[in-house]
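Asks: In the UniProt record's numbering, the protein residues as written are 1 to 768.
Yeah, the Cβ is synthetic: ideal placement off N, Cα and C, and Gly gets one too.
Have a look at the structure that comes next, please.
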Amino acid sequence: MGSNEEILSALKILQKYNLKESELALKQEAGLINEKIAEEFLKFKAQVKDEPENFCANYQSILTFVDSVPDMHKVELSTLLFPIFVHMYLRLVSGNICGEGNFIRFLIMAAKKFLMTFRKYQEDFYQSDINMLSNITSSQHLSTNPLIESFRASEFVVSVSTESYSLLRQFLQDKEMNVIQSILREQLSLEIINGPPRSKLQVDCRRGALFGEARLDANKEPVLYGLLRDPALDLPVEMDADPGFNDIDGSNVDNNEDNGDQSVAKKKKRKDGMMSGSGHSGRPSLSKDVSKSDSNSPALDRIPLPKLRESYIESKQALSREISTLLRNYQQRNPQKSSIGTSTVLYTICNSQAGESTLAIRRGGVTCCSFSDDSSQLAAGFGSGRIRVWSLGPESLRRMLPASELSLLDKDDSRVKTNMLYDENDETHLTRDLLGHLGSVFGVAFSPDRQLIASASSDGTVRLWSTLIWGGALTAWRDHLLPVWCVTWAPTYGHYIATGGADRSAHLYATDHAPDALRVFVGHKGDVTSVCIHPNVNYLATGSADRAVRLFDVRSGKLTRIYTGHKGSVQTLAFSPCGRYLASGGWCGTTCLWDLGSGQQVGQLGGYSASRAPVNQPSNDFDSQEANSDSSQWLTGPVVSLAFCPGNSGRLASGGLEGALRIWNTVSGWSTAVTTPATGNNDDKNSKTNLLALHRFTKQQFVRQNSKNNKSSGVGGHNVLGYYSSATGPDVSDACASEVFFTRRTSVLGLHYVHPYLLLAAGPYNQT
């Protein structure tokens, strides 16, 4: 026989599934001589005998308990209410509590009563999950419901402080609430934090995922987030880079949280040195920014990468020269100003295009759109399965000559590349259609050199198209089992394509490797709704309908980061130019910023945690009454597109379904009275603040307070600081808000920075 723990576990499983004969045989064979086993078994026996009519009373008791505890513990303990609610409902529906025959009907009625009585006590972002639970009316439905599959596949993780846990344990022991104790032991994973209870904002910025919070040890794996040291990318042209975006919360800061005045003096000296000079002359060049990340950069050959095309390098060099000219002219005309504002161009796609039927419009119209890297073309996917490409300039979308005519061209001619292309019937083609998908196109993306387009569709295929041939698909990958929601290319190098689908997996393809995927990334509890490849091509970020963000190592396929905090499915992702930060936008309207180096959340902008109208909002050029009205500006709609400004300026653009384009500045804040999220204390002094500074400031405040209270040894290390250091709330959104552009009825589905001072946006015109 096995150990006592193994016997006890086996007895619990047999009792749980009402396998009485097997249970009796095991008891006879084991003898239950050990008093500890007998006591534990009898205790478990008492739990499963709990009468179903007592479920409502038990849940009402824990509701009353949570409401009666001190406010400092109430927020943390309230996170237990939803998972307990779900598992109590499932125990009633499954019919495994007791009784047979007609008693099952009583259980179903009790389950419905339980659901209708207590669903109003659950958070708003859980109501969609509860709607799915309400469709379960028999034990047969349990095996077909995807939500139940997710709950059964993993434990629901809840983090509480030691003080809050002590109160909960004492309550359960005094009341002898056996069913709830059983749920806490078997279906939930309680992580005890050696620190003070968290505030509401601190709890809200980590909860919301289908499986609770990310585990304490989930983000310990080191990540090589630095940029690749490719000599071909060394462009010695000054960009609008802010050194704070790389340094203010870098690894040096994380490792030296409380080094005292010496550390502060060094940082001040370094900052003064960086900002010396006038205008942009004191800012580091792009090549210097790249060299800063060398210690965290992967080897250039860690992932097989193709050689960069000369045309791509030439286009980047031309763009760099254009930016230099723009900066020089601006500084000559405006010597008193040190920065340039952002100009935005919005393209509205009308669904009533020629050749697009009314039926196709009803099937969804425009579902996605994307700009080419050189900003010369725009592609959109339609509900009819059509992909349409527009030329954004006067250049025609020319087609390559047939093979028979290509052989006649003079290869030594300097214009051979131009002569390879032609316009049919000598007509200018400003639009082209790509046909082949049998279902709605949900994702479309250009390769960095603009010569290929990848598309994802509800027909379960990923197709590759040529912008030179303008014919049928070059190839189609069919290894996704269900609809494919998103697609993206590896930045700069291209070659690799990442996709995410309804089969809860992300796939990685290569343009020279078909028909199979190179990697399949699994572990998601819901559909993979967004994907993004790191600038160094060594990592893949995924966003899922389980409301979590994950980071995978492309080489090993290993999960290295998991982030929780969104209250809705994650719709879009974007990496910062420096490679250290990852931004995610969700259906809840929140934009989150994550630190890949420390594995912590930096903060949240807009959405759920900032649900109030702005106060003392910084003035914009338009300064309209609508922008300063009482309407809750931070109650943002679903965020479906994100784009970081190039040059490490710290600006982040987000586009929403409600028709708003917001630009957040995570580095250059504005003067405000800072409220410390970790402590709730208000600093009356107006100071220059920003998202990264607030993140670091709350860390330092937490460490100092615990040191004063002689609790520094109980902090639990660097990872525990992530529970307290996230910057979130309406004050943070106020401080980071830079500019807001509203449209009438255009959902912003695509964003692209041409250069640090020009932003392109596109989306469909909504007729509803």
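Is cysteine 486 helix, strand or coil when you go by DSSP?
Replies: In this structure, cysteine 486 counts as strand in the three-state DSSP scheme.
Asks: When you compare each of Arg152, Ala727, Ala57 and Phe211 to cysteine 736 by their alpha carbons, which one comes out closest?
Replies: Per the Cα distances, Ala727.
Asks: Mind checking which residues open and close the alpha helix (DSSP H) that includes tyrosine 89?
Replies: That run of the alpha helix (DSSP H) goes 81-94.
Asks: To the nearest angstrom, report how far apart leucine 692 and valine 667 are at their CA atoms.
Replies: Roughly 6 Å separates the two Cα atoms.
Asks: Consult DSSP for glycine 750 and reduce its assignment to one of helix, strand or coil.
Replies: Strand at glycine 750.
Asks: Answer with buried or exposed for glutamate 513, where buried requires no fewer than 16 other C-beta atoms within 10 angstroms of its C-beta.
Replies: According to the sequence as given, residue 513 is histidine; it is not glutamate. Under this definition histidine 513 is an exposed residue.
Asks: Looking only at C-alpha atoms, which of Val366, Ile313, Asn219 and Arg432 sits nearest to glycine 599?
Replies: The option with the nearest alpha carbon to glycine 599 is Asn219.
Asks: Thinking C-alpha only, which one of Arg651, Leu652, Thr590 and Leu596 is nearest proline 730?
Replies: Of Arg651, Leu652, Thr590 and Leu596, the residue nearest in Cα terms is Thr590.
Asks: Hey, is the segment 370-387 in contact with the segment 401-411, meaning 3+ C-beta pairs nearer than 8 Å?
Replies: With the cut-off at 8 Å, the segment 370-387 and the segment 401-411 do not touch.
Asks: Does the Cβ-Cβ distance between leucine 92 and leucine 107 come in under 7 Å?
Replies: Yes.
Asks: Is the separation between the beta-carbon of valine 537 and that of isoleucine 193 shorter than 7 Å?
Replies: No; because the gap between Cβ atoms is not below 7 Å, this pair is not in contact.
Asks: Provide the residue span of the beta strand (DSSP E) that contains glutamine 60, from first to last.
Replies: First-last for glutamine 60: 55-68, but that is the alpha helix (DSSP H), not the beta strand (DSSP E).
Asks: Using the rule of at least 16 other Cβ atoms within 10 Å of the residue's Cβ for burial, across every protein chain shown, is glycine 585 buried or exposed?
Replies: The residue in question, glycine 585, is buried, as its Cβ has 16 or more Cβ neighbours within 10 Å.
Asks: Look at the Cβ atom of alanine 660, then the Cβ atom of leucine 751, and state whether they are nearer than 7 Å.
Replies: In this structure, leucine 751 does not lie closer than 7 Å to alanine 660 by Cβ.
Asks: Where are the beta strand (DSSP E) runs, 3 residues long or more, that stay fully inside the UniProt repeat "WD" (563-604), in chain order?
Replies: Entirely contained in the UniProt repeat "WD" (563-604), the beta strand (DSSP E) runs reaching 3 residues are, in chain order, 570-575, 581-586 and 591-595.
Asks: Scan the segment 504-567 and note each continuous beta strand (DSSP E) run of 3 residues or more that stays entirely inside, going in chain order.
Replies: Whole beta strand (DSSP E) segments, 3+ residues: 506-510, 519-521, 528-533, 539-544, 548-553 and 559-564.
Asks: What residue range does the alpha helix (DSSP H) around arginine 321 cover?
Replies: Start and end: 310-333.
Asks: Could you spell out the range, first to last residue, of the alpha helix (DSSP H) harbouring glutamate 186?
Replies: Residues 178-186.
Asks: Quick one: using the 10 Å Cβ neighbour count with 16 as the cut-off for buried, is glutamate 739 buried or exposed?
Replies: When all chains shown are included, glutamate 739 counts as buried.
Asks: What three-state label does DSSP hand valine 667 in the structure shown?
Replies: Three-state result, valine 667: coil.
Asks: From Arg463, Ile453 and Ser311, pick the residue whose C-alpha is nearest to that of glycine 439; which is it?
Replies: For glycine 439, the nearest C-alpha among the options comes from Arg463.
Asks: For alanine 541 versus leucine 596, is the C-beta spacing smaller than 7 Å?
Replies: No. Outside cutoff.
Asks: For the pair the segment 509-523 and the segment 162-180, tell me if three or more CB-CB distances fall below 8 Å.
Replies: Taking 8 Å as the limit for Cβ pairs, the verdict is that the segment 162-180 does not touch the segment 509-523.
Asks: Taking one C-beta from the segment 115-127 and one from the segment 148-159 each time, how about it: are there three or more such pairs within less than 8 Å?
Replies: No, the segment 115-127 is not in contact with the segment 148-159.
Asks: Would you call the segment 325-339 and the segment 561-580 touching, i.e. three or more CB-CB distances under 8 Å?
Replies: Segments in contact, no.
Asks: Determine which residues share a DSSP beta bridge with glutamate 395 and list them.
Replies: Answer is none; glutamate 395 lacks a bridge partner.
Asks: Cβ atoms of cysteine 588 and lysine 567: under 7 Å apart, would you say?
Replies: A contact, by the Cβ cut-off of 7 Å.
Asks: Using the rule of at least 16 other Cβ atoms within 10 Å of the residue's Cβ for burial, across every protein chain shown, is glutamate 213 buried or exposed?
Replies: Answer is buried; the Cβ neighbour count reaches 16.
Asks: With H, G and I counted as helix, E and B as strand and the rest as coil, what does DSSP make of leucine 14?
Replies: Correct three-state label for leucine 14: helix.
Asks: Where glycine 763 and serine 370 are concerned, what is the direct C-alpha to C-alpha distance, given to the nearest angstrom?
Replies: In a straight line, the C-alpha of glycine 763 is about 9 Å away from that of serine 370.
Asks: Please classify serine 556: is it buried, with 16 or more other beta-carbons within 10 angstroms of its beta-carbon, or exposed?
Replies: Exposed, since its Cβ has fewer than 16 Cβ neighbours within 10 Å.
Asks: Would you say valine 444 and isoleucine 387 are within 7 Å of each other, going by their C-beta atoms?
Replies: Closer than 7 Å, so yes.
Asks: To the nearest angstrom, how far is it from the Cα of glutamine 181 to the Cα of isoleucine 62?
Replies: Their Cα atoms are separated by approximately 11 Å.
Asks: When you compare the segment 144-151 with the segment 109-119, are there three or more beta-carbon pairs, one atom per stretch, that lie closer than 8 Å?
Replies: Contact fails: fewer than three Cβ-Cβ distances are below 8 Å.
Asks: For valine 522 and glycine 543, which I take to be in contact (beta-carbon distance under 8 Å), what is that distance rounded to the nearest angstrom?
Replies: Not really, about 15 Å apart at Cβ, beyond 8 Å.
Asks: Compare the beta carbon distance of tryptophan 485 and arginine 432 with 7 Å and say whether it is the shorter of the two.
Replies: No, Cβ-Cβ distance for tryptophan 485 and arginine 432 is not below 7 Å.
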